[in-house]
Amino acid sequence: MQLLVFLGPPGVGKGTAAERIVTSLGFLWLSTGDRLREAQRSGSLFGQRVTEYMNSGRLVPDELIIELVESEIATLAPSTRLLLDGFPRTLPQAIALDENLARHANQVDLVIELQADQDELVRRIRGRSQTDGRTDDTLETLQHRLEEFHRQTAPLTEYYQSQGKLQVVDARGSLDEVFESVRLCIGEYLAVDGEDAPRHHD
Ligand code: B4P
């Protein structure tokens, strides 16, 4: 399995870039945010449980998310190219992912962190709130989500940097520019067509 992770603050454009990467480079796309919204729409107990967290801008508890992702990864063929979008978002999630993959002789191959300044994030979330009807896209909720990001997700930058797997992409450009930067980064750091993927980058 080849495994790529997208990191970045809420609204930076992880899902937007993922959609184009999946279409053009043949990755399977697992977005925890999308899975959680599907669960909400289904009205299941799980969906009801996660709604209070998402609507207040908090992260869903680690144990629920880890179980969700591990059960999906368990169903994948060894040849899968997987793009994880929005997972991991905390250190315990990152450690659980590494341990789970190691049990199957796999690992995270590349982590791409998308970066943009806060004004741009606010602008993009405002835009999305007018089109997507997401209940967590209010300015108040965004404030909580940004606080959660700085407190819980930002430490993952150092975690993956110390593993030599982190690449940063400037996500302030246009959709085409961001897609092109991500595509180039994948081309440079992830092997394709049977080559060995680079395990560590300086
Ligand atoms: P997510 O669904 O992951 O949402 P996000 O981080 O807000 O958005 P993303 O970065 O994907 O932005 P998008 O492409 O839409 O998470 C939602 C919630 O689920 C979390 O707050 C949390 O509660 C929960 N959750 C998810 N994963 C979890 C986990 N692992 N652990 C615990 N809880 C978890 O882009 C935003 C807007 O910008 C769009 O309108 C887009 O069109 C626009 N845009 C994107 N790129 C652009 C560009 N280059 N130029 C101009 N506009 C752009």
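Heads up: the sequence shown begins at 25 in our numbering, then just goes up one per residue.
Think of the CB as a built atom: it goes at the ideal place given N, C-alpha and C, for glycine as much as any other residue.
Being a predicted model, the structure only gives us computed values, none of them experimental.
Who are the near neighbours of residue i in its chain, counting only those whose CB is closer than 7 Å to its CB and skipping five residues on each side?
i	result
V206	A41, I45, I136 and V193
P179	L115
I89	T56, F111 and Q117
L199	T40
S186	none
Got a sec? Which residues, its chain only, sit under 8 Å from residue i by beta carbon, not counting five neighbours each side?
i	result
P34	L145, I149, L166, R169, L170 and F173
N79	T159, D160 and T165
R147	none
Please report the distance separating the alpha-carbon of residue i from that of residue j.
i	j	result
R158	E62	12 Å
E94	G71	18 Å
D86	A120	9 Å
H128	L100	12 Å
E182	R105	24 Å
L134	S103	16 Å
F51	L69	30 Å
L163	A98	37 Å
S48	D143	30 Å
H224	Y184	Only weak support exists for where H224 lies, its pLDDT of 48 falling under 50; the coordinates are left without a value.
Q64	D58	10 Å
Beta-carbon within less than 6 Å of residue i's beta-carbon, same chain only, minus the 5 sequence neighbours each way: which residues are those?
i	result
Q131	L125
R152	D161
V84	V74 and Y77
L208	none
Measure the CB-CB distance between residue i and residue j and report whether it falls below 8 Å.
i	j	result
Q26	L214	yes
S55	D109	yes
T177	R113	yes
L138	G37	yes
W53	L92	no
R175	A140	no
Under the DSSP definition of a beta bridge, which residues are partnered with residue i?
i	result
V135	V29 and L190
R105	Q26
L54	L108
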